[in-house]
Each structure stands twice: as C-alpha cells, then as structure tokens.
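In terms of the UniProt record's numbering, the sequence shown opens at residue 1 and continues consecutively.
Even for Gly, the Cβ is constructed at its ideal location relative to N, Cα and C.
Since this is a predicted model, take the numbers as computed values, not measurements.
Data first, discussion second: the structure below is written as structure tokens.
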Amino acid sequence: MRQAPITALRRYLLDGRLSRRGCMAGLSAAAPPSVSAQRPRLGLRRSCRSLHTEHATPVAPPQPPVVPLAKRLKDEAKLARKKGGKKAKSDSQTVDGWELTVGIEIHAQLNTARKLFSPAVTSFNDNPNSHVALFDLSSPGSHPLLQRDTLVPALRAALALNCDIQRVSRFDRKHYFWWDQPSGYQITQYYQPFARNGRITLLARDGISPQDGEGITVGIKQVQLEQDTAKTLAKPDNTQWLDFNRVGVPLIEIITEPEIHHPRTAAVLVRKIQSLLSTVDACVSGMETGGLRADVNVSVRRTDDPTRPLGTRTEIKNLSSIKAVEDAIIAERDRQIRELESGRKIAGETRGWTLGSNETRRLRGKEGEVDYRYMPDPDIAPLIIGEDVVRHLRDSLTVLPDAEVDRLVSHFGLTPKDAISLFTVDNGFRCQYFYKVLGLLEGRLKQEEGGAAPELKSYAGLTGNWILHELGRLTTTKGNQLSTASLDFIPAGECVQVPSEELSELLYYLYHKQITGKVAKELLLAIFLGEIEGGLAATIDENDLWFKEISEAEYVALAEEALEGQEEILQQFVDYKVYPQGKLMFLVGRMMRLGQTECIDPPTAERIMRARLEKLREA
1 MRQAPITALR RYLLDGRLSR RGCMAGLSAA APPSVSAQRP RLGLRRSCRS LHTEHATPVA
61 PPQPPVVPLA KRLKDEAKLA RKKGGKKAKS DSQTVDGWEL TVGIEIHAQL NTARKLFSPA
121 VTSFNDNPNS HVALFDLSSP GSHPLLQRDT LVPALRAALA LNCDIQRVSR FDRKHYFWWD
181 QPSGYQITQY YQPFARNGRI TLLARDGISP QDGEGITVGI KQVQLEQDTA KTLAKPDNTQ
241 WLDFNRVGVP LIEIITEPEI HHPRTAAVLV RKIQSLLSTV DACVSGMETG GLRADVNVSV
301 RRTDDPTRPL GTRTEIKNLS SIKAVEDAII AERDRQIREL ESGRKIAGET RGWTLGSNET
361 RRLRGKEGEV DYRYMPDPDI APLIIGEDVV RHLRDSLTVL PDAEVDRLVS HFGLTPKDAI
421 SLFTVDNGFR CQYFYKVLGL LEGRLKQEEG GAAPELKSYA GLTGNWILHE LGRLTTTKGN
481 QLSTASLDFI PAGECVQVPS EELSELLYYL YHKQITGKVA KELLLAIFLG EIEGGLAATI
541 DENDLWFKEI SEAEYVALAE EALEGQEEIL QQFVDYKVYP QGKLMFLVGR MMRLGQTECI
601 DPPTAERIMR ARLEKLREA
C-alpha cells in the first residue's frame, strides 16, 4: 500500500485531520484503500454501528441533489409496493395462543455545541474531518476531557423520563474493532449509568393498541451517556471513506424494560420519547433526519403456561421511522411463531429490516457481554452530579407533552387528537402559532365587546381547526398545484406565509358570521399566495364578499329546488332506522351550490333542509 506523505501524518497527529481535502484523500486520491485492507482480522465480523449511513455517489459523474431521509423512506415503501411486497401475515396486534414481549433501546444525539470528551465542535454539515480533535482520533498521548455542558441536555432528557438521577456514575470501555472507532473501544456507561428507574405513561389518546386499554406505563431501565462513531461513506468501488466529524458526538441510550406486548404500542412509545426529547430541547433532531434510531428486542412465548420463561430474543437494529418499528416487530413476531410451530428453535441473533419488506433478515449472531469486554475507563474520573443541579433543571423544565395536551383539551376545548397533532407537528412551533393567533383574537373580542366577550372555548376550537386542518389543506390536498409548497413555522410563534395577525382577523370575521366559511377559505388561499393588498377588510369590500344572509323564504325555495329529482334519496329519509346524516349534508351542499355562497349560512341551510325533510316524512 502506498505510504502516507509526511505532511498528512503531521496534520493527523498535530491538527486532528487526515487531509485538508477530505477523509483518506491524502493517502491516495486515485485508489482509496479497500475495505478488505482495513478490516480487522477477527473471526467475528461486526457491521457498522453508526446511526447514519450515507451512500455517496460516484465522483466522476455530476452528483444528484441530496434526497432527504424522509423522502427516501417514502420512495422505498412505494417501490416495495410496486414489486408486490406484502405485509406481514398478521396486521393484528395479537396472535391467538402467543404472547409478544418487546424491549426497546433508543439512541439519540444530544443537542450540544461540543463533543462528549473533546472541545471539537459538533457539526454535521461542514466539510469532512474539519472538526476533529486529537482525542477523537485516539492520537498517542491524548486524553478524554469531559465537556460539562453536554450533561445539561442529557439530564433534561432523563428528568423528562421520570428517572432517578444517580449522584455518582462511571464510564466504561466497550471494546470492538471496526474502522468507525479509532480507539478500538466506545466510551459508554454500562455498569453505572447516570440515570435509572424511569417510566413513561402511554395513554389511549396517544394511539396505543386497543388491547392495552386506557393506558400503560413502561419502565425505563436506565439512560446512559456514550460516544457516537465516525460516519461511513460507501463508495461504488467497494471502498469505505470515513468522516470523523461525528466521532465523539454525545449520545444518550435509553433502555426500556421488556414490558411492551403489542407492536403499535411499541411504535407509540418511540414517538412519545422523541416528542419528549424535542420538547425539553435534549435531542438534535428526530428519526426523519437520522438524529434518533431505535433497536427493538423481540421474543414470543406460548400463553398456555404463565410460568413459562420469556422466549429467546432477537434484536432488530437501526429502525429509522415510527412505522418501521411497528412493521418490523410484526414481521419478526410472525417469523418466530412460524419457527416454533415448525419445531425449530429461535437463535439469539441480530437482524435487519427494510422498509416495505415483509420479513426481517439475519445480520449476525448475537454478541454478549464477554465479546465486548466491558471494563471501567481508567482515564475518566467518576461523574458526580450535585442535587442542586438536578433540582434547578427539574424546576426549570418546560411543560411536558401530556400536561400541554391536557391543557389544550380542558382549557381550550380541542379534541385529544387535534391537541396531540397541534403539539407535535412542526417541532411544536405550530402550537406556539396557535397561542399567538388565539391571543390576538381574544384581545380583539375583549376590546370590542368588553364584559360581553364570548367564552374562550367557543372560538379556541375554531382557531385550532383552521390552524391544523385548513392551513394544512393548502399544501396537502391531492392534485393541488400548491402541493409542492410548504408552510414555514418559526420558534417565535409565527407562520411566514400566513402571518398571525391576518389569520386572527380572518377568524374574527368568520366567528361573527361576517363572511362564510367558503369565502374564508378563498381568502386564506389569497393570504398564502400573497395576493392580499391594502388589508383583509379592504379586499372583502372590493370584492363584495361580506355575508348578506337571504331570507327564510329564500332558504325554503333553495331547499325545494335542491330536492327536485332526488326521489331515491328522499325515500331513505322515509324508511331510515339510523338517520342518514350524510345524505342530509349532500342535500345541503346542493343548496349551497344553487345559491350565492356569500349569502348562505350553512347551519341555517341545514336547519331548513332538516325541517323540510321531516315534513315530507310525516306526509
């Protein structure tokens, strides 16, 4: 193999960089070292353990644009469906005669400015190997130096999970040899983690399996600090290039107790933990951007003998979406049941999962504690966390999702489903936008109506519905020319395309029935497109869109006209056992189309049509 230039070695030892032009480029630009040349000669092969895996494109041809992870996952699922990929044999949450048991390990990158044991900056978008310290490369003579600031987001995460913070914790070395770990070991907290004995409660409104009833509490065995590994970039000529920017980036590993028995509940747990970490500003990003990964441990046993021990577990590594968690568990559960029903045994092993697949695949035999040769790290002193620090962080912890959802439901009158969606989408920024719009609307109503101002719940639900559904419909309606556009929410509680002041004014007119719902939707689209000039009220004036309600007699005439030629539907209102509400709304829609939209009040039209149908039924 070609010898490395002296200048490259000097940069490696003194500057913590392999090359100014990128990883391994200083060794050989024409022929990078092959995988086989770098792989350790061990009998036991280990796969790359990184949270992210990037597949780089060939160097010579022009590189295609970077495709976001979320879109790649969606495209893979579509491709699997086109190829005839089927779901696992059972979409149900249970299989008669069998009990499923699941434990989950979640790896999350912490939101920190520095690495765990070096002052190098944590950056994922800069040039490869541009933020690498001597210790990150395990340079001779370098030592770990714990960056205290990295503890803050880790402690916030553990407190959000109701964990007991350990006053004294210690770091261990987890030994393995692979190119993404220069030191030959990972620093973790296997024996004495900094947090233990947590719990997380999942409620029916979170979307858990119906078999779990109104709620379930899952124990958190421990939360531990550990290092990330280098990022491996696979090249098309069977070589692997390394970016050491990610070596030493702080992670937390959250290990649950094996107390989950339904696939959907497992997926909900991962989603809720992701929401918790985001809420307390502990995690850099979610599963959609690669900042969080889940490993699931799956076992099954027959239910005929309650004393029977848990079955042999298998581990499914690096699941990258909430849906993948549920689908992979279902597929592995069904595979294990097939094996046991055929008289075969389950091997303890590590398995993989591809989105859209109907089966897991074997990766390698299971590695136990002896293989990793855990030992205390002699270079790192015990970590001692004072009670005053824990108390301060607990007191300053932000409102957690369950408490916020409870408030949205009880105080503002939102449905549980809408409250959860409002709190979780757009990193919580849309929820802040809701509060800002609602505050502006409330202020205007109180200013103009004083003590006669309406109850908050009477317009909070309207506000939530429009912010969640009507705004969302602008960019998600199938076939909509705006489906490629986006709504940008910022932390200040603002939407770039639809300012809070304009939406609150629109909802004020709608709430007071000064405009109809259809007109309001047209105006919302105009705001989104930036077509409102001179203010909202002026636009309504210029286009004569103020609501001018027709008379009762005109409503009746429209109802009669809408009923013409609808004998088949009318018969359903004569013979019904369950009132045909859908058909009623169809007829109301005909009324709306026959008249002038800006002159018809939908609730009044429904009342008139309902009364007319009752008269026809009595006759």
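Proximity below 8 Å, CB of residue i to CB of residue j
{"i": "L462", "j": "Y511", "result": "yes"}
{"i": "Q224", "j": "P193", "result": "yes"}
{"i": "I200", "j": "I220", "result": "yes"}
{"i": "D164", "j": "R205", "result": "no"}
{"i": "D334", "j": "I316", "result": "no"}
{"i": "K457", "j": "G413", "result": "yes"}
{"i": "V280", "j": "A160", "result": "yes"}
{"i": "N297", "j": "V132", "result": "no"}
{"i": "L242", "j": "D180", "result": "yes"}
{"i": "L202", "j": "K272", "result": "yes"}
Exposure of residue i, with buried meaning 16 or more beta-carbon neighbours within 10 Å
{"i": "R593", "result": "exposed"}
{"i": "L310", "result": "exposed"}
{"i": "I600", "result": "buried"}
{"i": "I490", "result": "exposed"}
{"i": "T398", "result": "exposed"}
{"i": "P382", "result": "exposed"}
{"i": "N125", "result": "exposed"}
{"i": "R617", "result": "exposed"}
{"i": "N543", "result": "exposed"}
{"i": "Y190", "result": "buried"}
{"i": "M609", "result": "buried"}
{"i": "Q596", "result": "exposed"}
{"i": "T360", "result": "buried"}
{"i": "V405", "result": "buried"}
{"i": "M287", "result": "buried"}
{"i": "I187", "result": "buried"}
{"i": "R338", "result": "exposed"}
{"i": "N129", "result": "buried"}
{"i": "Y576", "result": "exposed"}
{"i": "V370", "result": "Low local confidence applies: a pLDDT of 49 at V370 is under 50, so the model's placement there is unreliable, and no value is given."}
{"i": "D402", "result": "buried"}
{"i": "Y579", "result": "exposed"}
Three-state secondary structure (DSSP) of residue i
{"i": "T188", "result": "strand"}
{"i": "L146", "result": "coil"}
{"i": "F489", "result": "strand"}
{"i": "I216", "result": "strand"}
{"i": "P454", "result": "coil"}
{"i": "N543", "result": "coil"}
{"i": "N129", "result": "coil"}
{"i": "L242", "result": "strand"}
{"i": "E105", "result": "strand"}
{"i": "D228", "result": "coil"}
{"i": "T122", "result": "coil"}
{"i": "L613", "result": "helix"}
{"i": "Q447", "result": "helix"}
{"i": "C495", "result": "strand"}
{"i": "R39", "result": "Reliability fails at R39, whose pLDDT of 37 lies under 50, so the model's placement of it is uncertain and the value that follows must be treated cautiously. DSSP places R39 in coil when its eight states are reduced to three."}
{"i": "I608", "result": "helix"}
{"i": "P64", "result": "For P64, the predicted model reports a pLDDT of 47, less than 50, meaning its position is unreliable; a value from the coordinates is still stated below. In this structure, P64 counts as coil in the three-state DSSP scheme."}
Own chain partners of residue i with C-beta closer than 6 Å, once the 5 adjacent residues on each side are dropped
{"i": "L155", "result": "L393"}
{"i": "M375", "result": "R173"}
{"i": "R364", "result": "T350"}
{"i": "L445", "result": "A453"}
{"i": "R612", "result": "A559"}
{"i": "Q222", "result": "P193, R196, I255"}
Neighbourhood of residue i by C-beta, 8 Å cutoff - its chain only, sequence neighbours within 5 removed
{"i": "C283", "result": "A108, Q109, L110, N111, P153, A157, Q274, L277, G291, L292"}
{"i": "F117", "result": "F135, P144, L145, L146, Q147, I187, Q227, G248, I380"}
Beta bridge counterpart(s) of residue i as assigned by DSSP
{"i": "E349", "result": "G365"}
{"i": "E315", "result": "N297, T350"}
{"i": "L203", "result": "G215"}
{"i": "K174", "result": "Q186"}
{"i": "K235", "result": "T239"}
{"i": "A195", "result": "I165, V223"}
{"i": "I254", "result": "I106, V223"}
{"i": "R114", "result": "V121"}
Close Cβ partners of residue i (< 7 Å) along its chain, the five nearest in sequence each way excluded
{"i": "D379", "result": "H143, P144"}
{"i": "I540", "result": "I515, W546"}
{"i": "L400", "result": "A160, L276, T279"}
{"i": "A324", "result": "W353, L355"}
{"i": "R313", "result": "N297, V298, S299, G348"}
{"i": "V409", "result": "P416, A419"}
Chain D contact for residue i (CB, 8 Å cutoff)
{"i": "A158", "result": "This model lacks chain D altogether, as it is built from one protein chain only."}
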